[in-house]
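This report concerns only the one structure given below.
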Ligand SMILES: [Cu+2]
């Protein structure tokens, strides 16, 4: 399993955290998601054969937040 950290701008409450976690968890190949409001980041564990980091950024942005790898 690969792990990547994505910085996220725009999360203001636990609802945002839940939204981000939901969209990331829905991506095929994602095995674990830890979203921190304090650190403004998501730590994502994934199968590199099935998911690519670019997908995480897109999913976060589609959910209404800014993402930077
Ligand atoms: Cu919120």
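Numbering (our numbering), first residue to last: 124 to 192. Yeah, the Cβ is synthetic: ideal placement off N, Cα and C, and Gly gets one too. Since this is a predicted model, take the numbers as computed values, not measurements.
Buried or exposed by the 16-neighbour rule on C-beta atoms within 10 Å, applied to residue i
i, result
"residue 149", "exposed"
"residue 190", "buried"
"residue 137", "exposed"
"residue 174", "buried"
"residue 165", "buried"
Distance between beta carbons of residue j and residue i, contact taken as under 8 Å
i, j, result
"residue 128", "residue 134", "So it is not a contact: roughly 14 Å between Cβ atoms."
"residue 167", "residue 126", "7 Å"
"residue 124", "residue 170", "6 Å"
Opposing strand residues paired with residue i [DSSP bridges]
i, result
"residue 190", "131"
> Going along the chain, which residues put their C-beta within less than 6 Å of some heavy atom in ligand 1?
Replying inline: 135, 136, 138 and 139
> Unbroken beta strand (DSSP E) runs of length 3 or more, entirely within the region 151-180: which are they?
Replying inline: 153-159 and 164-169
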